[in-house]
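Engineer:
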Amino acid sequence: MSHIQYTICRSGTYYYNRRVPSHAVKAYGSFIRQALSKCPDEAAEYAKRLGYVLEASWSNTTTIEPVDVATIIESFQPKSVLLSEMAEEYLALREIDQVPPRSALATFISLAGNRDVGTYTREDAKLFVHHLHLRGNKTATIRRRINSLSAILNYAYAELDLDKRNPFTRLIIRHEGQDASKRGTFTFEQLKNGYDKAIA
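Residues in the sequence shown are numbered consecutively from 198, following the working numbering.
Listed below in structure tokens is the structure:
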């Protein structure tokens, strides 16, 4: 990767390293040096965003209001939010039967853990499907459970502005629909007997 403007790298960590303009030295000191990240892409993004904040602060040449550089960098870092927290938020907003999504969520968390919502993988989703197969669930039930979890994750990714593919998207269920059994139909005589009993 090419050099990241206003940074230096020491022992694998990138630091924001910038001389302060003379009119802002009183508020900031001569130099700003602050740890950014060990990841070069992340450090480049943080350095760029911090640069915008500092330049805005320095644009007023008469009175400088200093910003807390460490707090600014911390605010750039993605927040870790548990799946259960996002699920509660989603379910509170939706007027739906809570039992199916809660059942799917409890099973999934028991298998994959209650982690940061952005850390789940396709392997976690496949494990969930495999587990439901082993428990004897029909493929239609498995599809409904997948759809419940997929909706929760879609909501979480949108709310947290995560650029991540939903691990439950286009998940294939083996022999899907082949285990469905047709429901029988009542004869006229059975319907008549049922109706007669109901009004008796």
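Think of the CB as a built atom: it goes at the ideal place given N, C-alpha and C, for glycine as much as any other residue.
Nothing here was measured: the structure is a model prediction, and the numbers come from that model.
Is DSSP giving D313 helix, strand or coil here?
Structural biologist: strand
Engineer: Using the Cα positions of P364 and I349, report the straight-line distance between them to the nearest angstrom.
Structural biologist: Roughly 12 Å separates the two Cα atoms.
Engineer: How close, in whole Å, do the beta carbons of F325 and T304 come, if the pair is a contact with beta carbons under 8 Å?
Structural biologist: 7 Å
Engineer: May I ask you to verify whether the segment 283-295 touches the segment 252-272, counting CB pairs closer than 8 Å and requiring at least 3?
Structural biologist: no
Engineer: Rounded to the nearest angstrom, what separates L359 and N334 at their Cα positions?
Structural biologist: 32 Å
Engineer: The alpha helix (DSSP H) spanning T268 covers which residue range?
Structural biologist: 266-273
Engineer: If we define contact as Cβ-Cβ less than 8 Å, is Y392 a contact residue for chain B?
Structural biologist: The chain labelled as chain B is not found in the depicted structure, where only one protein chain is given.
Engineer: Could you tell me whether the segment 198-208 touches the segment 224-242, where touching means 3 or more Cβ pairs closer than 8 Å?
Structural biologist: Taking a cut-off of 8 Å for Cβ pairs, the segment 198-208 and the segment 224-242 touch, as three or more such pairs fall below it.
Engineer: Which residue wins for smallest C-alpha separation from V314, given the options H330, P275, L233?
Structural biologist: P275
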